[in-house]
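Data block below; observations after.
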Amino acid sequence: MSNSNLFLKSGFVRAPLQNGVGRYVCQLQRIVLKFCKSHGGSRGMRDFIEQDLVDFARDNPSVVVYLKPRRHRSPVVVAEYLNGDRVWMSMQNKTQSEITKWIENMRTQQGDLSAVRLRKYQYTDHPSIQGPWTPFTFKNPELNVAKLPNPKFGANDRLPMSATEQLRIMFEKQRISKEEVKEEKKEE
Amino acid sequence: MVLGGILSRLFSQDVSPNVVKETKEVINTCNKLIEDRVSRNFAIVHLLGKQWRVTDGDLLVVEGHWPPNIGDQIRLDKVLLAATKDFSLIGRPLVQPGLVNVTATVISKGLSHTKTHFKKKRRKQYMKIHFQRLPQTMLRINNVEITNRINEAPKNVY
Amino acid sequence: MAFVRRFITVIPKLAKHVPITVQSRNIKRWVAPTLMELKRREDKQGGKVTNPRNTFLEWNLEAELYAFGKRLNEEFDSDLLLQAFTDRSYVIKEEMKQKELEIDLKMKDNRELAEEGRKFMQEYIQLYLETVLHKLPAEGIMCIRNHLISEKVLSNVSFHLGTKDIILAAEYPVDNSILAQTFEALVGALLQSCGEERAAHFVRDFVITQLQGQDVNEFWEIEDPWTMLTEMISKTGSELEPRLIGEVAKNTLLACYRVGLYLDKKMMSSGFGETVAIAKEMAAREALKKIFGTEETMHPINFKLNGIPKSRSQSKISAS
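Note that the protein sequences, when read in sequence, are chains A, B and C.
Per the UniProt record's numbering, numbering through the first sequence is continuous, rising by one, with the last residue being 188.
Per the UniProt record's numbering, numbering through the second sequence is continuous, rising by one, with the last residue being 158.
Per the UniProt record's numbering, numbering through the third sequence is continuous, rising by one, with the last residue being 320.
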């Protein structure tokens, strides 16, 4: 695919600080929930805070949750990650279940994944284990000391005998040669 | 190249004793290399309908809904090929179940960047853009190891 | 008159002013000038002004410290943890403030914890590397250890663990040296709170795993691999023979020579280079890597060893 949208940066798969090789560290650092106590657009947010927030905070002790009740402001969630990314998301007019899903999504991400288009879906430090191909890999070592031109190395034997060649040889074998014709004539 | 069902061939009549002896020697050498842990291993693993070439310390991103949560340790079972620097084990289609152990940890689960799926039928007044963000899971491969000896019964098979 | 009568229906429409505008779904005309003005103001300020996180309204140091411990799956003693994050510059600043207000609140800084942590890290990393790369000589291990304890690596680890917001320091943004020192102090605090084994696992999971993906030979620079190799081989008494095994494009710019090293008539390694001398040197380096067990296809370093491994001298004594 072409890099048609030049505003969306492209990058490769990376994990901060070799996460997963040693112990696994949850990448979400803190989450700030800003909402209005009375306005209608914050209804889902208020329901989430009343019902699901305490469970979320208890299940994820490594995430610091801040609540900011602000009058006449639309509800917003800001997630900050260990690599410095800040993800701002508006929760205006979202239902409680939608908010739960988005917050769960923010918890399991390792940064702002929507900002980077992944070019490849794999990353490896060792692309070749059995050794990458070099022109020397399948070369016959006898070529080092051979005196060229050599009939053995110059022979035309790269491809197997084709069907046409086989037919031609069969024809030549069964062909009556000039000497045989002369002998037959002599006998006659 | 070590084939899977070599024992069945040993019992057939038309295999010369030289070939049998050579095969046994090859298997013994491979077993010794496995025990000495000389080389780094890689495996070709079948996951979510796709095949991935995987070695220790790799990162993998799989697209689509996948249940495992972050921090989970997963063992990838469908191994099609396992290899070291000196020999390869080719499965038909899978390698013996207890032979190769590939473990991974789930690192992150999130939604990809917004992909635009554009459809148009010309001169038919039909045009639409489907914006989609697919769920992506990132895996870190912890270990690819050949735990058993070749041509012997596996130890832990469920 | 006939003209007016004919066009009487159209004239009001003509009189109505229709503005000539072209609307289109693209970057609007005012966007670029606005962005340029914002950039001008930013440059006047001298770059983007970032405020430290602890000046925000939503900040709770106690909660952040608790979450920090939980994130790393470790139980720190809360006083020690706060002490680990306090830098000397901050203590000095606080003391100056307190002199004016005449209050006396002693705040401990993280220098002693950092020293303890650094000493423990050095010893543990040395032991771990000796166990994991047992064929590598002491000089190589020391070079890898120095790289792992260097300010660059430790500050990177510290940054990605989320310490830059919690650190109490005089200036913002925090220096790399302060980040590295904070990490060492964390190790020291963990050592005092939980004991040696947990601190060892912490160092293993965050510092030693930085070797993942790195070529271990990069850190130890060998000036003359050929003499080193011949010295090592002469001790064992085997025969070492270099031979030219391939040459391509001789007498051109892109010449490539392959030299193979044969130990007791068996091939040990091969190297390639633009001249025969370079190829011989590369072959010697490959041979050394093979002897030390650090080639590119070596068995990956085990990052899951538990406990504190015994030192080489101890294990040697036990073996004999």
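Don't be surprised by glycine CBs; every beta carbon is placed ideally from N, CA and C.
As the structure is a computational prediction, the values presented were derived from the model and not from experiment.
Listed by chain order, chain B residues near residue i by CB distance under 9 Å
i: T95(A); result: Under the 9 Å cutoff, chain B gives no residues; its nearest Cβ is about 18 Å from T95(A).
i: S114(A); result: G110, L111, S112, H113, T114, R133
i: G213(C); result: G57
i: H72(A); result: Near H72(A) there are no residues of chain B at all, since even the closest Cβ is about 30 Å away, more than 9 Å.
Nearest-angstrom beta carbon gap, residue j and residue i [assumed within contact, 8 Å]
i: P242(C); j: K280(C); result: 5 Å
i: Q122(A); j: L81(B); result: Between L81(B) and Q122(A) the Cβ distance is about 16 Å, and since that is not below 8 Å, they are no contact.
i: W52(B); j: T137(B); result: No, W52(B) and T137(B) are not in contact; Cβ-Cβ is about 13 Å, not under 8 Å.
i: I129(A); j: F87(B); result: Wrong, their Cβ atoms sit about 12 Å apart, outside the cutoff.
i: W59(C); j: C143(C); result: Not a contact, Cβ separation roughly 42 Å.
i: D77(C); j: V91(C); result: Between V91(C) and D77(C) the Cβ distance is about 19 Å, and since that is not below 8 Å, they are no contact.
i: I70(B); j: T108(A); result: 5 Å
Proximal residues of chain A, C-beta to C-beta of residue i below 9 Å
i: K85(B); result: I129, Q130, G131
i: R140(B); result: A15, Q18, N19, G20, V21, Y24
i: V61(B); result: V13, L118, K120, Y121, Q122, Y123
i: Q136(B); result: L113, L118, Y121
Residues bridged to residue i [DSSP beta-bridge criterion]
i: A104(B); result: I74(B), I141(B)
i: C256(C); result: V248(C)
i: W88(A); result: V78(A)
i: G64(B); result: Looking at the DSSP assignment, G64(B) forms no beta bridge with any residue, so it has no partner.
i: I90(B); result: L81(B)
i: H46(B); result: Q51(B)
i: L116(A); result: Reading off the sequence shown, one finds Val at residue 116(A), where the question assumed Leu. Its beta-bridge partners are K9(A).
i: S270(C); result: G260(C)
i: I31(A); result: V65(A), A79(A)
i: T9(C); result: Bridge partners of T9(C): none, in fact.
i: E241(C); result: Y262(C)
i: P135(B); result: L111(B)
i: S39(B); result: M298(C)
i: P174(A); result: For clarity, residue 174(A) is Gln in the given sequence; the question names Pro instead. In DSSP, Q174(A) forms no bridge with anything.
i: K120(B); result: M127(B)
Within 8 Å, strictly: CB atoms of residue i and residue j
i: N142(B); j: T103(B); result: yes
i: A170(C); j: L113(C); result: no
i: G307(C); j: E197(C); result: yes
i: Q29(A); j: S108(B); result: no
i: L139(B); j: S112(B); result: no
i: L237(C); j: F136(A); result: Going by the sequence as given, residue 237(C) is Gly instead of Leu. For G237(C) and F136(A), no; Cβs fall outside 8 Å.
i: L99(B); j: T147(B); result: yes
i: D87(C); j: L161(C); result: no
i: R40(B); j: T227(C); result: no
i: D125(A); j: G213(C); result: yes
i: I141(C); j: L133(C); result: yes
i: F120(C); j: V157(C); result: no
i: G69(C); j: E75(C); result: yes
i: L48(B); j: V62(B); result: yes
i: A115(A); j: K9(A); result: yes
i: L80(C); j: S177(C); result: no
i: Y257(C); j: V276(C); result: yes
i: L89(B); j: I150(B); result: yes
i: F12(A); j: L118(A); result: yes
i: residue 160(B); j: H299(C); result: Residue 160(B) is absent from the model: chain B starts at 1 and stops at 158.
i: P69(A); j: M45(A); result: no
i: D175(C); j: N54(C); result: no
Where residue i meets chain B, residues with beta-carbon distance less than 7 Å
i: P300(C); result: R40, D56, G57
i: N105(A); result: G110, L111
i: L8(A); result: H113
i: H126(A); result: R40, T55
Interface residues of chain F facing residue i [CB-CB closer than 9 Å]
i: N83(A); result: Among the chains of the structure shown, chain F does not appear; the protein chains present are A, B and C.
Residue i: contacting residues in chain C (beta-carbon distance under 7 Å)
i: F136(A); result: G246, R258
i: P75(A); result: Near P75(A) there are no residues of chain C at all, since even the closest Cβ is about 15 Å away, more than 7 Å.
i: S177(A); result: Simply none; closest approach about 49 Å.
i: S62(A); result: A67, K70, R71
i: N144(A); result: I245, G246
Interface residues of chain C facing residue i [CB-CB closer than 8 Å]
i: K68(A); result: L57, E58
i: R37(B); result: H299
i: S42(A); result: Here the premise fails: no neighbours, minimum Cβ distance about 17 Å.
Proximal chain A residues relative to residue i, where beta-carbon distance stays under 7 Å
i: T209(C); result: Q18, V21, G22
i: F206(C); result: G22
i: W66(B); result: Ordered by position in chain A, no residue passes the 7 Å Cβ test against W66(B), which lies about 12 Å from the chain.
Interface partners of residue i on chain B, CB under 8 Å
i: Q110(A); result: I107, S108, G110, M138
Residues that residue i contacts on chain A, provided the C-beta gap is smaller than 8 Å
i: F219(C); result: Those do not exist, as F219(C) stays about 16 Å from chain A at its closest Cβ, beyond 8 Å.
Contacting positions in the UniProt domain "RNase III" (61-195) of chain C - beta carbon closer than 9 Å to chain A: A63, E64, Y66, A67, F68, G69, K70, R71, L72, N73, N156, V157, F159, H160, L161, G162, K164, D165
Can you list, in chain order, the residues of the region 117-129 of chain B whose Cβ is nearer than 7 Å to any Cβ on chain C? none
Of the residues that make up the region 98-109 of chain B, which ones have a beta carbon closer than 7 Å to any beta carbon in chain A? Listed by position, the residues of the region 98-109 of chain B near chain A (Cβ gap below 7 Å) are T105, I107, S108, K109.
Please identify, using Cβ separations under 8 Å, the residues of the region 69-83 of chain B that lie next to chain A, in order along the chain. N69, I70, G71, A83
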